[in-house]
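Colleague:
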Amino acid sequence: MANPIRGEVIKLYKNLLYIGREYPQGSSYFRDRLKSAFMKNKDVTDPEQIRKLVARGEFVIKELEALYFLRKYRTMKKRYYEPDD
Amino acid sequence: FQVGLLVSVKRFFLFLFEIRVKPDKSGVVTDGVKHSMNPFCEIAVEEAVKLKEKKLIKEVVAVSCGPQQAQETIRTALAMGADRGIHVQVAGKDYENLGPLQVSKIMAALAKKEEAQLVILGKQAIDDDCNQTGQMTAALLDWPQGTFASEVSFEGDKLKVVREIDGGLETITINTPAVVTADLRLNTPRYATLPNIMKAKKKKIAIMKPEDLGVDITSRVEVLRVDEPPQREAGVKVETVQDLVGKLKDSGLV
């Protein structure tokens, strides 16, 4: 595997693992699925393909950030503000 | 217009956690509970970092008062974009008794020492829901305040703040230096991702004690008892309107 790409993939895995700690269904649930998702693609060698997969991983990070924000915003809104008419 | 800014952050249980009162009613159960930055403080940090990114202020200093773990909260603020941190060490019984008055005295002393032009805080903390620290800090400094801010912008060297109030929104213009407290809709706080946390490790956190700032943190308030809210009683079903009226009369409501 090309070295710079390998570094990127490992960085992505670590970042996803970190953000998955707060996953609603549990961090171990997230970790299992993360591992199997990465393992499924372990034999991909084309750097172009790998880049596409890394981009998909970054997209998942963005989605998780949005998920966490909405969860927090909605909880705060429910707790501290009057329900909308 | 280049200004320095102080942002205050507080650490408490993760907002999702269900709180349980200790059996001796002296407080809440704290063992093994995951902690994180107060949600309104996150919004305050985000606003501070945004103002720096717009080049309206030159430096963001994150401040937290508490035991060693307060540094985790400061690190989160640094990961979100603050430049450096100040940890005011308060531990044990002193920390349990640390309230808005003491924190605002510390913030006021730091604002003077750091020559900050702007102090931003969350509007309230989700543990005590006091909603006092920002206001008290402004009073101690004799600075104007823009509280419950849902929008903050500079107009020349004045600050325009849109505030969320009971009737709707109120827009005020205040002179700087000033204190602002953040409300829920001010912005969307960024997530402190692992790469940001790594980068933030190089940033400095200064450590000091309240005495170094000449602040006396003795509390004037003593917690006598902590109770859970009363359990909701089960509802009672009635068959007819007459029954309903009868029950309302019986309980003295009608």
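Protein sequence lines, in the order shown, are assigned to chains A and B.
Residue numbering for the first sequence follows full-length UniProt numbering, starting at 1 and increasing by one per position.
Residue numbering for the second sequence follows full-length UniProt numbering, starting at 1 and increasing by one per position.
The beta-carbon is built from N, C-alpha and C at its ideal position, and this holds for glycine as well.
Computed from a prediction, not measured in an experiment: that's the story for all the values here.
Ignoring anything shorter than 4 residues, give me the alpha helix (DSSP H) runs that lie fully in the region 98-155 of chain B, in order along the chain.
Modeller: Runs of the alpha helix (DSSP H) inside the region 98-155 of chain B: 100-114, 133-141.
Colleague: Bridge partners for Ile172 (chain B) per DSSP, in chain order?
Modeller: The partner list for Ile172 (chain B) (beta bridge, DSSP) reads B:Val161.
Colleague: For a contact meaning CB atoms closer than 7 Å, what does Glu65 (chain A) contact in chain B?
Modeller: Near Glu65 (chain A) (Cβ distances below 7 Å), the residues of chain B are Tyr191.
Colleague: With Val245 (chain B) as the anchor, note down where its alpha helix (DSSP H) starts and where it stops.
Modeller: 241-250 is the span of the alpha helix (DSSP H), which, as asked, contains Val245 (chain B).
Colleague: What is the rounded straight-line gap between the Cα of Thr240 (chain B) and the Cα of Lys249 (chain B)?
Modeller: If I take the Cα positions, the gap works out to 14 Å.
Colleague: State whether the region 191-209 of chain B contacts the region 73-91 of chain B, with contact taken as three or more CB pairs (one from each stretch) at a distance under 8 Å.
Modeller: Yes: the two stretches touch, three or more of their Cβ pairs being nearer than 8 Å.
Colleague: Residue range of the beta strand (DSSP E) that Thr76 (chain B) falls in?
Modeller: Premise fails: Thr76 (chain B) lies in the alpha helix (DSSP H), 70-80, not in any beta strand (DSSP E).
Colleague: Out of B:Ala139, B:Lys25, B:Asp157, B:Cys41, point me to the one whose CA is closest to Val9 (chain B)'s CA.
Modeller: Closest option to Val9 (chain B), Cα to Cα, is B:Cys41.
Colleague: Threshold first: 4 residues or longer. Then list the alpha helix (DSSP H) segments lying entirely within the UniProt domain "Complex 1 LYR protein" (8-61) of chain A, N to C.
Modeller: As far as the UniProt domain "Complex 1 LYR protein" (8-61) of chain A is concerned, its whole alpha helix (DSSP H) runs of at least 4 residues are 27-40.
Colleague: Where does Met1 (chain A) fall in DSSP's three states?
Modeller: Unreliable positioning characterises Met1 (chain A) in this predicted model, as indicated by a pLDDT of 48, which lies under 50. A coordinate reading is not provided.
Colleague: So what's residue 300 (chain B) in DSSP terms, helix, strand or just coil?
Modeller: Residue 300 (chain B) lies beyond the residue range present for chain B, which begins at 1 and ends at 254; the question has no answer from this structure.
Colleague: Could you compute how far the alpha carbon of Ser36 (chain A) sits from the alpha carbon of Val44 (chain A)?
Modeller: Rounded to the nearest angstrom, the two C-alpha atoms are 14 Å apart.
Colleague: Below 7 Å on C-beta distance, what does Leu77 (chain A) contact in chain B?
Modeller: Residue 77 (chain A) is actually Lys in this sequence, not Leu. Going along chain B in sequence order, the residues near Lys77 (chain A) (Cβ under 7 Å) are Leu184.
Colleague: Would you list, in chain order, the members of the region 36-63 of chain B that have their beta-carbon closer than 7 Å to a beta-carbon of chain A?
Modeller: Under the 7 Å Cβ criterion, the region 36-63 of chain B contributes Pro39.
Colleague: Would you please verify whether the beta carbon of Leu169 (chain B) is less than 8 Å from any beta carbon of chain A?
Modeller: Chain A contact via Cβ: absent.
Colleague: Please look up how many angstroms separate the CB atoms of Ile74 (chain B) and Ala62 (chain B), rounded, as I've assumed it's under 8 Å.
Modeller: At roughly 5 Å, the Cβ-Cβ gap stays under 8 Å, so Ile74 (chain B) and Ala62 (chain B) are in contact.
Colleague: So, with DSSP's three-state summary, where would you put Arg220 (chain B)?
Modeller: Looking at Arg220 (chain B) - three-state DSSP - the assignment turns out to be coil, as it is neither helix nor strand.
Colleague: Only counting the same chain, and skipping five residues up and downstream in sequence, which positions put a Cβ closer than 6 Å to that of Val254 (chain B)?
Modeller: Only Leu248 meet the Cβ criterion.
Colleague: May I have the straight-line CA-CA distance separating Asn131 (chain B) from Arg11 (chain B), to the nearest angstrom?
Modeller: Roughly 15 Å between the two C-alpha positions.
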